[in-house]
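So for the sequence shown, this note's numbering puts the first residue at 9; every next one is plus one. Notes for the one structure printed next.
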Amino acid sequence: MIGSSLAIRLVQYGASVKIADNRMPPYGANDFNIREIREKVEVFNVDIRDRQGMTPLVQQSEIIFNLAGQVSHNDSMNNPMLDTEINYIGHLNVMEIVKKENRDIRMIHAGSRLQYGPIHQLPVPESHPQEPLTPYSLNKSAAENMYLFYHRIHGIPVVLFRIANPYGPRGQMRHLKYCIVNWFLRQAMEGGEITVFGEGNQIRDYIYIDDLVCALALAGISNQVVGQILNVGSGKGTRFIDMVDIILKTTGSGCCTKVPWPDDYINVETGNFVADISRIQSLLDWKPRVSLEEGIRRTHEYYRLHFKHYVE
9 MIGSSLAIRL VQYGASVKIA DNRMPPYGAN DFNIREIREK VEVFNVDIRD RQGMTPLVQQ
69 SEIIFNLAGQ VSHNDSMNNP MLDTEINYIG HLNVMEIVKK ENRDIRMIHA GSRLQYGPIH
129 QLPVPESHPQ EPLTPYSLNK SAAENMYLFY HRIHGIPVVL FRIANPYGPR GQMRHLKYCI
189 VNWFLRQAME GGEITVFGEG NQIRDYIYID DLVCALALAG ISNQVVGQIL NVGSGKGTRF
249 IDMVDIILKT TGSGCCTKVP WPDDYINVET GNFVADISRI QSLLDWKPRV SLEEGIRRTH
309 EYYRLHFKHY VE
């Protein structure tokens with residue numbers, strides 16, 4: 009979702025775009041996402057752990073948005089070695105290539121709000137302590153520090169994002185490993201049952217994909233954010249159950265049921281989260297524009313038209 013949406017936006021801006029994806033199940037690419045720009049971009053089937061495959065891409069680029077990763081925190085608990093290979097070693101591999109081949113390239117890193125772990129204050133500033141609860145969030149935090157190391161020691165320009173909960177068109181909806189809003193939309197559209205843990209009072213910060221890619225694109229050209237860590241979210245908190253209610257009202261179908269928290273979820277629950285976005289608003293002159301209600305409406309309309317391409 010993020011990569012394809014960003015590629016579309018960059019093509020619209022007139023950029024020459026290369027897409028690198030290892031098509032790893034269940035996180036790999038959906039070719040339908042880039043159908044409208046397929047003839048305007050180059051697509052490479054390459055893994056960030058593959059030095060030979062990544063080297064020419066680094067040599068030929070001015071900006072890399074490194075969005076690659078294993079993105080399920082539950083999967084990271086089951087296979088921490090794989091998570092580390094991708095979310096840390098893979099990114100280290102790319103930065104070693106950058107150091108050798110192209111130190112002027114700008115590197116944009118996609119971190120996660122999960123790096124913070126248990127939340128002690130709201131909204132959450134970038135200075136909040138990081139206490140990762142999963143290998144996923146631990147490796148995201150380690151990778152962020154690794155990027156900063158290459159910036160400080162080798163002068164490589166980097167921008168580091170900590171992303172809240174993104175959702176919107178082109179997001180996967182085949183499973184609940186990530187893109188939870190999209191997954192719930194599918195369940196509602198199929199007239200199914202949306203399962204909520206506990207009472208659903210946990211608060212999250214949901215950011216619509218168009219707002220997110222706007223921030224990413226701006227970070228690629230602004231010198232104000234080089235070397236900076238930036239929260240990116242809506243800056244507004246929504247109770248989980250209220251997000252579900254918006255989905256049910258928007259689709260006009262489906263239902264909700266509440267169940268006790270499973271152990272494997274409650275053990276990694278970070279508590280309420282709302283991003284403090286004052287830094288990114290100041291440095292990039294950016295602000296989120298799409299409300300959760302409007303974003304879910306747009307997302308529902310997209311999947312209403314293209315549902316089969318995301319569930320089959």
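Backbone N, C-alpha and C define an ideal beta-carbon position, used for all residues, glycine too. Just so you know, these numbers come straight off a predicted model, no measurement behind them.
For V25, which beta-bridge partners are listed by DSSP?
-> Stepping through the sequence shown from its first residue, residue 25 is reached at position 17. V25 is bridged to V49.
If you drop the 5 nearest sequence neighbours on each side, which residues of the same chain put their C-beta closer than 6 Å to that of A172?
-> As a first step, residue 172 is located in the sequence shown; it is residue number 164 there, counting from the start. Counting only Cβ-Cβ distances below 6 Å, and skipping sequence neighbours, we find R121, D213, I215, G241, A283.
Alpha carbon to alpha carbon, how far is V19 from P296? Give it in angstroms, no decimals.
-> As a position in the sequence shown, residue 296 is number 288, starting the count at 1. As a position in the sequence shown, residue 19 is number 11, starting the count at 1. Roughly 21 Å between the two C-alpha positions.
What does P174 pair with, by DSSP beta-bridge criteria?
-> Within the sequence shown, residue 174 is the residue found at index 166, counting from 1. Paired residues: I215.
Measure the C-alpha to C-alpha separation of R306 and A196 and round it to an integer number of angstroms.
-> Position 298 of the sequence shown holds residue 306. Position 188 of the sequence shown holds residue 196. C-alpha separation (whole angstroms): 15 Å.
Tell me whether the beta-carbon of T246 lies closer than 8 Å to the beta-carbon of L300.
-> Mapped onto the sequence shown, residue 246 falls at position 238. Mapped onto the sequence shown, residue 300 falls at position 292. Yes, the Cβ-Cβ distance between T246 and L300 is below 8 Å.
Under 8 Å between C-beta atoms of T142 and M89 | In the sequence shown, counting from the first residue as 1, residue 142 sits at position 134. In the sequence shown, counting from the first residue as 1, residue 89 sits at position 81. Going by C-beta atoms, T142 is not nearer than 8 Å to M89.
Go through its chain and collect everything with a Cβ distance to E139's Cβ below 8 Å, but skip five positions before and after it.
-> Stepping through the sequence shown from its first residue, residue 139 is reached at position 131. Same-chain partners within the cutoff: Y124, G125, P126.
Answer with yes or no whether the minimum CB distance from Q195 to chain B is below 8 Å.
-> The structure shown contains no chain B; it holds only a single protein chain.
Buried or exposed by the 16-neighbour rule on C-beta atoms within 10 Å, applied to C263 | As a first step, residue 263 is located in the sequence shown; it is residue number 255 there, counting from the start. C263 should be labelled exposed.
Below 6 Å CB to CB, which residues in the same chain sit around M115 once its five sequence neighbours on both sides are set aside?
-> If you number the sequence shown from 1, residue 115 lands on position 107. For M115, where only same-chain residues beyond five positions count, the Cβ hits under 6 Å are I72, V166.
If you run the structure through DSSP and keep just helix, strand and coil, what is H128?
-> The count along the sequence shown starts at 1 and reaches residue 128 at position 120. Coil.
Any 3 or more C-beta pairs closer than 8 Å across the segment 250-260 and the segment 227-238 = no
According to the Cβ coordinates, are V267 and F315 closer than 8 Å?
-> Reading the sequence shown from its first residue, position 259 is the one you call residue 267. Reading the sequence shown from its first residue, position 307 is the one you call residue 315. No.
Measuring CB to CB, does V66 end up less than 8 Å from I113?
-> Along the sequence shown, one-based indexing puts residue 66 at 58. Along the sequence shown, one-based indexing puts residue 113 at 105. Taking 8 Å as the Cβ cut-off, V66 and I113 qualify as a contacting pair.
Roughly how far, in whole angstroms, is the beta-carbon of V298 from the beta-carbon of M181, given that I think they are within contact range, below 8 Å?
-> What you label residue 298 is simply residue 290 of the sequence shown in a count that begins at 1. What you label residue 181 is simply residue 173 of the sequence shown in a count that begins at 1. Actually they are not in contact, since the Cβ atoms of V298 and M181 sit about 19 Å apart, beyond 8 Å.
Nearest-angstrom Cα distance between R170 and T259?
-> In the sequence shown, the residue the question calls residue 170 occupies position 162. In the sequence shown, the residue the question calls residue 259 occupies position 251. So the two alpha carbons sit approximately 30 Å from each other.
What's the C-alpha gap between D219 and G119?
-> For this step, residue 219 is matched to residue 211 along the sequence shown. For this step, residue 119 is matched to residue 111 along the sequence shown. About 16 Å.
Where does R247 sit, in a helix, a strand or coil, going by DSSP?
-> Stepping through the sequence shown from its first residue, residue 247 is reached at position 239. Looking at R247 - three-state DSSP - the assignment turns out to be strand.
Assign F40 to one of three DSSP states: helix, strand, or coil.
-> Walking along the sequence shown from the start, residue 40 turns up at place 32. Helix, per DSSP.
Would you say N41 and R178 are within 8 Å of each other, going by their C-beta atoms?
-> Taking the sequence shown and counting its residues from 1, one reaches residue 41 at position 33. Taking the sequence shown and counting its residues from 1, one reaches residue 178 at position 170. Yes, Cβ-Cβ distance for N41 and R178 is below 8 Å.
For F192, three-class secondary structure by DSSP = Translated into the one-based positions of the sequence shown, residue 192 becomes position 184. In this structure, F192 counts as helix in the three-state DSSP scheme.
Taking only the alpha-carbon atoms, compute the straight-line gap between V132 and M32 and give it to the nearest angstrom.
-> Taking the first residue of the sequence shown as 1, we reach residue 132 at position 124. Taking the first residue of the sequence shown as 1, we reach residue 32 at position 24. For V132 and M32, the distance between alpha carbons rounds to 32 Å.
Go ahead and pull the three-state DSSP assignment for A283.
-> One-based indexing of the sequence shown puts residue 283 at position 275. DSSP places A283 in strand when its eight states are reduced to three.
Distance CB(N239)-CB(E134) smaller than 8 Å | Sequence index remark: in the sequence shown, residue 239 carries index 231 (1-based). Sequence index remark: in the sequence shown, residue 134 carries index 126 (1-based). A contact, by the Cβ cut-off of 8 Å.
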